[in-house]
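Have a look at the structure below, then the notes.
Chains as they are written, first to last, in the working numbering: chain A, 1 to 243; chain B, 244 to 722.
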């Protein structure tokens, strides 16, 4: 007898029901009471997009609301500023690394941002010349991603109630490592992607795809149960809310 | 689940912990902070009670048809390119993981916080097999570096304050910055640097899961730091060890459980990161995915009509944070990876009641009921505690009649029904004729005389709260 059979046997003995037919179980599940609200803010009476902006900012994401036509210019401004900061950090880090370590990853010294395949071309129309646009083709190694200054992506859905951005890692979002390893994530959320609450968001997502729900930058509550931003994921989350 | 070697029963361990004033200070501070925040996060949702009752109903339904949903999960995970293994107990789960790691040729794994693998003692088992397990959650790292044990479900190092954490890092972390202060942001940054290279070169990741979705084969890991994303994304092989009770029927159920869990645990509207995946995705993440389904006492717990509600637990830790006993005794006194009120009903059921420690755990409570009030899946912990006390007496006496057992059995029965509770309260008020001049009952008649042998019994009030309410607000009104 396998462990599988033993466990299933113990469950059937414990619940004492005998194997129900799949149809019975489906019917019982469908009959479960769901008395809760499908959304806590009604889009009829609330500016859901503004709620998303407010709630995302609550968790220390940098949120800017821009007109759709201004997205390329906003990307350029944000990246140039970040590249400037990253350049300083990099110079300090290289000096520190040269002193302390013999085995630094090679890599180019310039500042690059990775852009996933499928990101809307019109958003990239004003890409700053001082900044390298790095493609994930062929697939970049994790070490190479770690050298880059950041990543620019779109998203699948956003959730106003919780200030959450959902990536399904489809077109324009990149495989999961792209938005994880670099320390800076610029994400563009279109107003029509903002759902009032969890129920609407999950209904829109494709469960067959990997999903990452992001609510603010990386954080921890592990020291005295007090939230501190900045551990392993991107320490800066910058949101451009278009529309 | 291993009982920690030489662990004394709860009252002895708690007495020792109570002498540690630093521990009590750290716990009072941390739990005080989170209690206030949780109340705010919960009050924000007007339908909290409805979410809670839906969650309870979904979990009860799932447990009643656990065989059906496990088979469905096995099918959906396999169809998505994953491999499913079944482990009857801790040793079997550990052996499965060790052999999967060996098959990759790796001798090191990166781990995201998993109480299921604490329960099976996986790290020790892997070490005995020549495999190093690196804990990557900040609190688990503090525990691992400090050669310590977890004392909280959510924040295993809650018994350590910032200056103690700084000392552990300076002592045990070779690459800790020399000028490290006790600023939590600096401590978090030190952990980031320390683990970076390990993440980027990891071949094998080991995780648990908060939820497993039967109809889609999805695994869900809820976290804050990004170490979970690292562990489930960067390695070539991912092994997830998941208790059989973590299953939910459908994708849609996440709209309930992701509303309840973050607010109950860290008092956030949503935790920073949640990873959801199903099997393997070509060109994204691990090439090999293994799901190890763990029983280890869960089916035995399922067999108990009252005790089984503990399997609804989603490990939020709200019950720990409100418990007056936990706040004073700390998590170590419970001698289990599951401390606090939920641990007091889960550990003795998963492990059985053969040890004095496990028989003592159902008594580690004042039955104040705060744990039941905050539980997002409405586990009636006081009811289960009282019931398990009668089982503890059974286990000790070998089923012979004892007044203590009978009393706890009757109490549990009474607490389950408002009508019976009312009758019992009326009877208690009538017993006031036993009250002595001191206002307490000095000696109860046999068979209850054992109780007053070592203590006075408080006198029941002349009128219960329910009776007073009915008298002053009119019959039929409800408190």
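From the three backbone atoms N, C-alpha and C, an ideal C-beta is built for every residue, glycine too.
query: Can we say the stretch 534–546 of chain B touches the stretch 491–500 of chain B, given the rule of at least three CB pairs closer than 8 Å?; result: no
query: Looking only at its own chain, which residues have a Cβ that is under 7 Å from the Cβ of residue 573 of chain B, when we skip the five neighbours before and after it?; result: 260, 266, 270, 394 and 402
query: How is residue 16 of chain A classed by DSSP in three states: helix, strand or coil?; result: coil
query: Put residue 489 of chain B into one of helix, strand or coil per three-state DSSP.; result: helix
query: Is residue 133 of chain A close to chain B? Criterion is C-beta to C-beta, closer than 9 Å.; result: no
query: To test your reading of the DSSP string, which unbroken beta strand (DSSP E) runs of 3 or more residues are found completely within the stretch 127–205 of chain A?; result: 132–135, 150–153, 157–159, 164–167 and 184–190
query: Any heavy atom of the ligand MG inside 8 Å of the beta-carbon of residue 425 of chain B?; result: Among the components of this structure there are no ligands whatsoever, and the ligand MG is therefore not found.
query: Is there a Cβ from chain A that is less than 9 Å from the Cβ of residue 442 of chain B?; result: yes
query: Note down, in chain order, each residue of its chain lying with its Cβ closer than 6 Å to the Cβ of residue 107 of chain A, except the 5 sequence neighbours on either side.; result: Reliability fails at residue 107 of chain A, whose pLDDT of 46 lies under 50, so the model's placement of it is uncertain and the value that follows must be treated cautiously. Result list for residue 107 of chain A: 147, in chain order.
query: Identify which residue in B/622, B/711, B/636 and B/669 has its Cα closest to the Cα of residue 296 of chain B.; result: B/622
query: I'd like to confirm the pairing. Which residues does DSSP put opposite residue 520 of chain B in its beta bridges?; result: B/462
query: Please list the terminal residues of the continuous alpha helix (DSSP H) segment that includes residue 413 of chain B.; result: 405–415
query: Given that a residue counts as buried once 16 or more other Cβ atoms are within 10 Å of its Cβ, and exposed if not, what is residue 708 of chain B?; result: exposed
query: Quick check on residue 357 of chain B - is its C-beta less than 9 Å from some C-beta in chain A?; result: no
query: Looking at chain A, is there any beta carbon in it that lies within less than 9 Å of the beta carbon of residue 577 of chain B?; result: no
query: Between the alpha carbons of residue 704 of chain B and residue 634 of chain B, how many angstroms are there, rounded?; result: 30 Å
query: Going by C-alpha distance, which of B/410, B/626 and B/507 is nearest residue 608 of chain B?; result: B/626
query: Between which two residues does the beta strand (DSSP E) harbouring residue 533 of chain B extend?; result: 531–537
query: Once you ignore the five residues that flank residue 576 of chain B on each side, which residues in its own chain have a CB closer than 7 Å to its CB?; result: 253, 256, 257 and 260
query: Please work out which residues of its chain come closer than 6 Å, Cβ to Cβ, to residue 360 of chain B, disregarding the five sequence neighbours upstream and downstream, and give them in chain order.; result: 484
query: Would you verify that the beta carbon of residue 194 of chain A is, or is not, closer than 9 Å to some beta carbon of chain B?; result: no
query: So, does the CB of residue 221 of chain A fall closer than 9 Å to a CB anywhere in chain B?; result: yes
query: Would you kindly check if the distance between the Cβ of residue 457 of chain B and the Cβ of residue 319 of chain B is under 9 Å?; result: yes
query: Using the C-alpha atoms, what's the distance from residue 123 of chain A back to residue 80 of chain A?; result: 15 Å
query: Beta carbons nearer than 7 Å to chain A: which residues of the stretch 594–605 of chain B have them?; result: none
query: Using CA coordinates, which residue listed in A/113, A/231, A/208 and A/202 is at the minimum distance from residue 39 of chain A?; result: A/202
query: Looking at chain E, which residues of the stretch 511–528 of chain B have a Cβ within less than 8 Å of any of its Cβ atoms?; result: In summary, chain E is missing from the structure at hand, where the protein chains are A and B.
query: By the three-class DSSP mapping on this structure, what secondary structure does residue 602 of chain B have?; result: helix
query: With contact counted as at least three CB pairs below 8 Å, one residue from each stretch, are the stretch 500–514 of chain B and the stretch 278–290 of chain B in contact?; result: yes
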